[in-house]
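Numbering (the numbering used here), first residue to last: 1 to 480. Don't be surprised by glycine CBs; every beta carbon is placed ideally from N, CA and C. Bear in mind that the values here come from a model prediction, so they are computed numbers and not experimental data.
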């Protein structure tokens, strides 16, 4: 018997929606296999729009090296001829960059994009300047140079304003939102997504609105605006079912799975069903899409299934998280923030299982990636977790103090008072155990002040108790 992937109620194969939960269904999935899969990439290339090509610049398809090398050799000949006769080479360089990207050779792709940019500047070719700045921005985003990515997206946006191209403007606004999301600047990410969505809706550009809303869901999940997330996902799923876009259906079911996970224990079964149904759809179309797209579709499904199995204390948790890690490492040739997220999840799983050494190792791997990409908050959080393991499980106070203090420096620079107060509290406990009462009292006093500023009366009261107990101990020692 067929079941609804959302509520698990029995359904008829001919139904277009579930009569129990009213969510849209794909009535005949087999008919969708041969339709064009329309990916919504993490970053949107506008190369195809500029040249009228079906294939997107950043859509990495299965293509053999010999074909790429042959095309590169042909382009080299054309570039040599163009240089000899003094013909502008910008378009050829742009195509060459695209081929290097397909090889995942970011360095040469970037080099050729920058050469193309100089050519287009000489031509004052606004359209190609927009395209090239956007593609440079995408490479910088993928390689972790987020400030450079923002610069080039901003440059692309400034040129778009000269030609009044709404679709390109929406795409670049989304790319800016994506970068700000990666660096945890939710305010700016939300601003750019909202601007893109307003423009798309105002111009009746339904597909662009759907793409933008899909990006916006990630911010709304962080803001816990679940009512709006539900409305967006329902609209998106309706659209993707009506347009036979199986990629969109998979992505939307994955986002439903994430939403239900964040809604809490009561919704975990629904989260599990959405994630597994998304993976089932990926499996059905895997022979029609590239390995890179497969892994991009799978990584979050496996990550959230790993979270769920960890909560349920199932051995399957490790397997899911390792599959998520393998997926990320397939579609991201070099280290990526997504890898840091999965490594952190594995670290927390090993901590739950009492495998302290493994937990420390994976927190450390994750910390290194967050540090590389400039995410100071996550870097500090990883150091905090490692310090707790040294303090609470390995009884290595010296190492715990070192890591707490390193984390504290990061959090103080970020004005994160709550976790700063918690660290001072823990440092106070460590110094009491080593009978360094002056240092303990100093840390407790700072923690008390921070909790008071946060109006956290519960923790402030606990700290008051520790301070009074410590002062009584000092007075007793003084009278002996």
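CA nearest to the CA of residue i, picked from the options
i	options	result
residue 181	213, 218, 148 and 257	218
residue 74	87, 93 and 85	93
residue 174	197, 160 and 158	197
residue 110	210, 83, 125 and 135	135
residue 146	283, 103, 237 and 185	185
residue 95	459, 352, 76 and 327	76
residue 483	140, 88, 79 and 123	In the structure as shown, the chain starts at 1 and stops at 480, and residue 483 therefore has no counterpart that could be examined.
residue 191	177, 459, 457 and 454	177
residue 231	222, 243 and 252	252
residue 338	352, 305, 373 and 313	373
residue 396	433, 370, 408 and 420	433
residue 452	308, 472 and 418	418
residue 430	449, 409, 404 and 454	404
residue 224	201, 214 and 259	259
residue 310	336, 384, 288 and 261	261
residue 376	409, 436, 458 and 389	409
residue 103	69, 237, 329 and 308	69
residue 237	213, 161, 226 and 220	213
residue 207	229, 226, 326 and 170	170
residue 340	352, 326 and 112	326
residue 328	172, 297 and 456	297
residue 353	384, 370 and 389	389
residue 172	203, 142, 138 and 143	138
residue 369	386, 384, 130 and 344	344
residue 98	210, 84 and 114	114
residue 269	199, 307, 187 and 189	307
residue 200	193, 209 and 194	209
residue 144	162, 179 and 131	179
residue 90	108, 81, 118 and 271	118
residue 435	85, 465 and 473	473
residue 193	151, 229, 205 and 215	215
residue 79	116, 106 and 285	116
residue 142	130, 105, 187 and 161	105
Limits of the alpha helix (DSSP H) - the one that residue i falls within
i	result
residue 113	106–123
residue 445	437–453
residue 384	376–392
residue 424	417–433
residue 259	246–263
residue 401	397–413
residue 325	316–331
residue 309	291–311
residue 185	That residue, residue 185, is in no alpha helix (DSSP H); it is neither H nor E in DSSP.
residue 218	206–222
residue 132	126–142
residue 269	268–285
residue 164	Unbroken run through residue 164: none, as it is neither H nor E.
residue 373	Residue 373 -> no alpha helix (DSSP H), and no H or E assigned at all.
residue 91	90–102
residue 338	337–352
residue 230	226–242
Nearest-angstrom Cβ-Cβ length linking residue i and residue j, presumed shorter than 8 Å
i	j	result
residue 331	residue 295	4 Å
residue 470	residue 440	6 Å
residue 301	residue 257	7 Å
residue 362	residue 317	The Cβ separation is near 13 Å, so there is no contact.
residue 304	residue 275	6 Å
residue 159	residue 183	Actually they do not touch by this definition, with Cβ atoms about 24 Å apart.
residue 364	residue 342	With a Cβ gap of about 14 Å, residue 364 and residue 342 do not count as contacting.
residue 428	residue 450	That pair is no contact at about 12 Å.
residue 133	residue 156	4 Å
residue 278	residue 254	5 Å
residue 226	residue 281	24 Å between Cβ atoms; not a contact.
residue 123	residue 88	6 Å
residue 112	residue 120	Not confirmed; about 12 Å, so no contact.
residue 228	residue 220	5 Å
Residue-chain proximity (residue i, chain D), Cβ-Cβ < 9 Å
i	result
residue 76	The structure shown contains no chain D; it is built from a single protein chain.
Taking 8 Å as the threshold, find out whether the stretch 442–451 comes into contact with the stretch 424–434 through three or more Cβ pairs. Of all C-beta pairs linking the stretch 442–451 to the stretch 424–434, three or more are shorter than 8 Å, placing the two stretches in contact.
Sufficient close CB pairs (3 or more, under 8 Å) joining the stretch 379–389 to the stretch 401–414: Enough Cβ pairs lie closer than 8 Å, so yes.
Touch check for the stretch 352–359 and the stretch 153–169: three-plus C-beta pairs under 8 Å? In this structure the stretch 352–359 does not lie against the stretch 153–169, because fewer than three pairs of beta carbons, one per stretch, are closer than 8 Å.
Do the stretch 288–304 and the stretch 247–264 touch if we need at least three Cβ pairs shorter than 8 Å? With a cut-off of 8 Å on Cβ pairs, the stretch 288–304 is in contact with the stretch 247–264, counting three or more such pairs.
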